[in-house]
Amino acid sequence: MERDLLDLPVLLLSAARALVDGIDAGVRARGFADLRPAHGFAFVRLSGDGATVGQLAEHLNVTKQAASQMIEELVTKGYVTRRPHPDDARARLVVLTPKGWACTRAADEAATEVLRPWADTLGPQRLAALRADLSRLATPGRVRPLW
Numbered sequence: 071m072e073r074d075l076l077d078l079p080v081l082l083l084s085a086a087r088a089l090v091d092g093i094d095a096g097v098r099a100r101g102f103a104d105l106r107p108a109h110g111f112a113f114v115r116l117s118g119d120g121a122t123v124g125q126l127a128e129h130l131n132v133t134k135q136a137a138s139q140m141i142e143e144l145v146t147k148g149y150v151t152r153r154p155h156p157d158d159a160r161a162r163l164v165v166l167t168p169k170g171w172a173c174t175r176a177a178d179e180a181a182t183e184v185l186r187p188w189a190d191t192l193g194p195q196r197l198a199a200l201r202a203d204l205s206r207l208a209t210p211g212r213v214r215p216l217w
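Here the numbering used here runs 70 ahead of the position in the sequence shown, where the first position is 1.
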């Protein structure tokens, strides 16, 4: 039992890494080779109604300076734009551009390509059980890189 428990972190992190690497490869294959996986975690936050620099920094667990640098890079590459914030005249809202949305769709397609073999291997019942178990264990909220 102890060995089984201690294997869990390695197995979970290995599966997460395979998923991130697979999505990254799929996004690159679809023509978005100028991005890193960390950008994808930012896109997750921006794909709603956008975010301020502070909100993005909190989501990614980085400093506001690091988030500002990432935003500037994404603006330069054409993936995001800054707009006036609808509720705060002092703030700017960062939102995805059409190119950013196209990349988000590419990431969804790539994720499906990575996950389809997992689903086929597990079968519908075990996949549903795994999803239910992970839903009970996972902390709801932000998904961000930790490496």
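For each residue, glycine too, the CB sits at the ideal point set by N, CA and C.
Identity of the residues DSSP links to Thr151 by a beta bridge:
Val165
Contact belief for Thr167 with Thr151 at Cβ below 8 Å, rounded distance in angstroms
5 Å
As assigned by DSSP and simplified to three states, the class of Ala121
strand
Does DSSP put Val132 in a helix, a strand or coil?
coil
Within this structure, are the beta carbons of Ala172 and Gly96 separated by less than 9 Å?
no
Pull up the distance between the alpha-carbon of Leu197 and that of Ala85, whole angstroms please.
14 Å
For Ala159, which three-state DSSP category applies?
coil
Indicate whether Val123 and Val164 have their beta-carbon atoms separated by less than 9 Å.
yes
Counting along the chain, where does the alpha helix (DSSP H) carrying Ala112 start and finish?
Pro107 to Leu116
Considering Cα atoms alone, identify which of Gln135, Thr191, Lys147 and Ala127 is closest to Arg115.
Ala127
Boundaries of the alpha helix (DSSP H) in which Gly96 is found, first to last residue
Glu72 to Ala99
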